[in-house]
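What follows is a set of notes on a single structure, which appears directly below.
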Amino acid sequence: MPAPLFEYLLRIGDDRLVLGHRNSEWCGHGPILEEDIALANISLDLIGQAQLLLNLAGQLEGQGRDADTLAYWRDDVQFRNLQMAELPKGDFAFTMMRQFLFSAWANLQLEGPIQGNHEDLKGIAAKAHKENRYHLRHASEWVIRMGDGTEESHRRAQAALDELWPWTGEMFQQDDVDRAVAEQGAVVVAADLEPRWRAAVTDLLGRARLTIPTAPMRMTGGRKGRHTEYLGRMLAEMQIVARSHPGATW
Amino acid sequence: MATTDTSASEWPLWEVFTQPPGGKPHEHAGSVHAPDAEIALQNARDVYTRRGEAVSIWVVPSVLISASAPGDAGPWFDPGNDKPYRHPQFYKTPRGVKVF
Numbered sequence: 038m039p040a041p042l043f044e045y046l047l048r049i050g051d052d053r054l055v056l057g058h059r060n061s062e063w064c065g066h067g068p069i070l071e072e073d074i075a076l077a078n079i080s081l082d083l084i085g086q087a088q089l090l091l092n093l094a095g096q097l098e099g100q101g102r103d104a105d106t107l108a109y110w111r112d113d114v115q116f117r118n119l120q121m122a123e124l125p126k127g128d129f130a131f132t133m134m135r136q137f138l139f140s141a142w143a144n145l146q147l148e149g150p151i152q153g154n155h156e157d158l159k160g161i162a163a164k165a166h167k168e169n170r171y172h173l174r175h176a177s178e179w180v181i182r183m184g185d186g187t188e189e190s191h192r193r194a195q196a197a198l199d200e201l202w203p204w205t206g207e208m209f210q211q212d213d214v215d216r217a218v219a220e221q222g223a224v225v226v227a228a229d230l231e232p233r234w235r236a237a238v239t240d241l242l243g244r245a246r247l248t249i250p251t252a253p254m255r256m257t258g259g260r261k262g263r264h265t266e267y268l269g270r271m272l273a274e275m276q277i278v279a280r281s282h283p284g285a286t287w
Numbered sequence: 599m600a601t602t603d604t605s606a607s608e609w610p611l612w613e614v615f616t617q618p619p620g621g622k623p624h625e626h627a628g629s630v631h632a633p634d635a636e637i638a639l640q641n642a643r644d645v646y647t648r649r650g651e652a653v654s655i656w657v658v659p660s661v662l663i664s665a666s667a668p669g670d671a672g673p674w675f676d677p678g679n680d681k682p683y684r685h686p687q688f689y690k691t692p693r694g695v696k697v698f
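Same order as they appear, the protein sequences are chains G and L. Counting with the working numbering, you get residues 38 to 287 for the letters of the first sequence. Counting with the working numbering, you get residues 599 to 698 for the letters of the second sequence.
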């Protein structure tokens, strides 16, 4: 069994790699030029965080794998991201709602490694937290404007929330990996993560005049390598150049 | 929240001013489209400040800027050209002044 911290780094690294790739699919397709650039910026931040986290994971593993190897040479069952991150980008409301729900979670979740005792991870988490605060602000403002906007924007924002909400349960599941990294002190796991997240998103969704669905949470398994049909296809596109030309450089 | 009219097909234009690091004054950087001030600030941040260019941003609706007309350029600005005494460049910089 791989070391718990390696596994933990894959999880939070893959979240950002996969979500960053999904957001990057907007590049050249944004609703307006400025938002196209904003989404590309968020993607670059997330992929940059993934690179730092996966490089650290590779170092800890000690088998010569770096971020590129981990990103391009694993198959879907070896990815550890939240299933929510791999869903197709949908419309702009779906992308922004997902970013909002994820960023609101990451804003609190990153406090764990920031308060932990692993110096390299602390540094990466602190940088990611700073970038994440902007992502949260950007996505929040759009959720408010779409939810409290026109009839169509409200309908789309509500539909995005209805679709995404049942996927959020996975963010708060704890298992042996979480307990082990908490025990070794690398991550301080807060018991009140879920209520704090729920309070924050409830407040903002209320301001956006959106209704939180009552649907039950979905079955999950992203942290164990069980994914939706969408991840494999996304990885095929993401990995094909690296796999067609192994070791190629610019 | 304060909004500008968005009924037109395009969002209103905002002029962006960014302040470089080191206490320099805000300078005109360009313009962005945005439905309101908060989004204008965010768009300006994303378009003009991603390479460490700025420590502060101002945005202002372009329609609120009053500008001199191109036709005024002659009467307004030419008279300065033949009055060299308006340019204090005949003075030597005192030795004690390091930065000028």
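Positions of the beta carbon are idealized from the N, C-alpha and C atoms, including for glycine. Source: prediction; values computed, not measured.
Along the chain, where does the beta strand (DSSP E) that runs through residue i open and close?
i: P250 of chain G; result: No beta strand (DSSP E) contains P250 of chain G, which DSSP labels as neither H nor E.
i: A273 of chain G; result: Here A273 of chain G belongs to no beta strand (DSSP E); instead the alpha helix (DSSP H) covers 266–281.
i: G628 of chain L; result: 625–631
Does the distance from the C-beta atom of residue i to that of residue j stay below 8 Å?
i: R193 of chain G; j: D128 of chain G; result: yes
i: Q120 of chain G; j: T257 of chain G; result: yes
i: F139 of chain G; j: D51 of chain G; result: no
i: R235 of chain G; j: W204 of chain G; result: no
i: V614 of chain L; j: A627 of chain L; result: yes
i: E168 of chain G; j: N641 of chain L; result: no
i: R53 of chain G; j: L90 of chain G; result: yes
i: S666 of chain L; j: W674 of chain L; result: yes
i: W609 of chain L; j: P633 of chain L; result: yes
i: P228 of chain G; j: G149 of chain G; result: Sequence inspection shows Ala at residue 228 of chain G; the Pro mentioned does not correspond to that position. No, Cβ-Cβ distance for A228 of chain G and G149 of chain G is not below 8 Å.
i: L268 of chain G; j: D105 of chain G; result: no
i: G259 of chain G; j: E200 of chain G; result: no
i: I181 of chain G; j: A237 of chain G; result: no
i: A197 of chain G; j: M134 of chain G; result: yes
i: V645 of chain L; j: V658 of chain L; result: no
i: M183 of chain G; j: S190 of chain G; result: yes
i: H172 of chain G; j: I79 of chain G; result: yes
Using DSSP with H/G/I as helix, E/B as strand and the rest coil, what is residue i?
i: Q617 of chain L; result: strand
i: S654 of chain L; result: strand
i: G694 of chain L; result: coil
i: L124 of chain G; result: coil
i: M599 of chain L; result: Confidence in M599 of chain L is poor, its pLDDT being 48 and thus under 50, which makes the residue's placement unreliable; the coordinate value appears in the next sentence. Here M599 of chain L sits in coil by DSSP.
i: P686 of chain L; result: coil
i: W612 of chain L; result: strand
i: P659 of chain L; result: strand
i: V224 of chain G; result: coil
i: P39 of chain G; result: coil
i: N118 of chain G; result: coil
i: E289 of chain G; result: The structure shown does not extend to residue 289 of chain G, since chain G is modelled only from 38 through 287, so no value can be given for it.
i: T257 of chain G; result: coil
i: D644 of chain L; result: helix
i: A285 of chain G; result: coil
i: E62 of chain G; result: coil
i: W234 of chain G; result: helix
By the DSSP assignment, the alpha helix (DSSP H) with residue i in it spans what residues?
i: H166 of chain G; result: 156–184
i: Q211 of chain G; result: From DSSP, Q211 of chain G is part of no alpha helix (DSSP H); its letter is neither H nor E.
i: F675 of chain L; result: 671–675
i: G95 of chain G; result: 70–98
i: R150 of chain G; result: Per the sequence shown, the amino acid found at residue 150 of chain G is Pro instead of Arg. Per DSSP, P150 of chain G belongs to the alpha helix (DSSP H) from 148–151.
i: T205 of chain G; result: First-last for T205 of chain G: undefined, no H or E at that position.
i: A104 of chain G; result: 104–109
For residue i, I'd like the list of residues in its chain whose CB is within less than 7 Å of its CB, leaving aside the five on either flank, ordered along the chain.
i: A75 of chain G; result: H175
i: Q276 of chain G; result: Y109
i: G222 of chain G; result: G153, N154
i: E62 of chain G; result: K126
i: L93 of chain G; result: L46, D157, L158, I161
i: L147 of chain G; result: A162, A165, H166, N169
i: R684 of chain L; result: G678
i: A273 of chain G; result: none
Closer than 8 Å by C-beta to residue i: which residues in its own chain qualify, once you throw out the five before and the five after it? Chain order, please.
i: V653 of chain L; result: Q617, P618, P619
i: E44 of chain G; result: R117, V214
i: R280 of chain G; result: Y109, W110
i: I663 of chain L; result: E613
Does the beta carbon of residue i fall short of 7 Å from some heavy atom of the ligand NAD?
i: A162 of chain G; result: Only the bare structure without any ligand can be found here, which leaves the ligand NAD out of the picture.
For residue i, which residues from the same chain have a beta carbon less than 6 Å from its beta carbon, with the 5 sequence-adjacent residues on both sides left out?
i: L83 of chain G; result: R53, L56, G57
i: A77 of chain G; result: C64
i: M599 of chain L; result: In this prediction, M599 of chain L has a pLDDT of 48, which is less than 50 and means its spatial position is unreliable; nothing more can be read from the coordinates.
i: T132 of chain G; result: K126
i: P41 of chain G; result: V214, A217, V218
i: V224 of chain G; result: G149, P150, G153, V218
i: R102 of chain G; result: G95
i: K622 of chain L; result: none
i: W202 of chain G; result: P250
i: A143 of chain G; result: N169
Residues of chain A with a CB under 8 Å from the CB of residue i: which are they?
i: H631 of chain L; result: The structure shown has no chain A; the protein chains it does contain are G and L.
* **chain L contacts from the region 57–78 of chain G (Cβ-Cβ distance under 8 Å)** => Sequence-ordered contacts of the region 57–78 of chain G with chain L read I69, L70, E71, E72, I74, A75, N78 [C-beta pairs closer than 8 Å].
* To do: Pull out every residue of the region 645–672 of chain L whose Cβ sits closer than 9 Å to any Cβ of chain G, in chain order.
  => V645, R648
* To do: Identify each residue in the region 162–183 of chain G for which the Cβ-Cβ distance to at least one residue of chain L is less than 9 Å, and report them in chain order.
  => Y171, R174, H175, E178, W179, I181, R182
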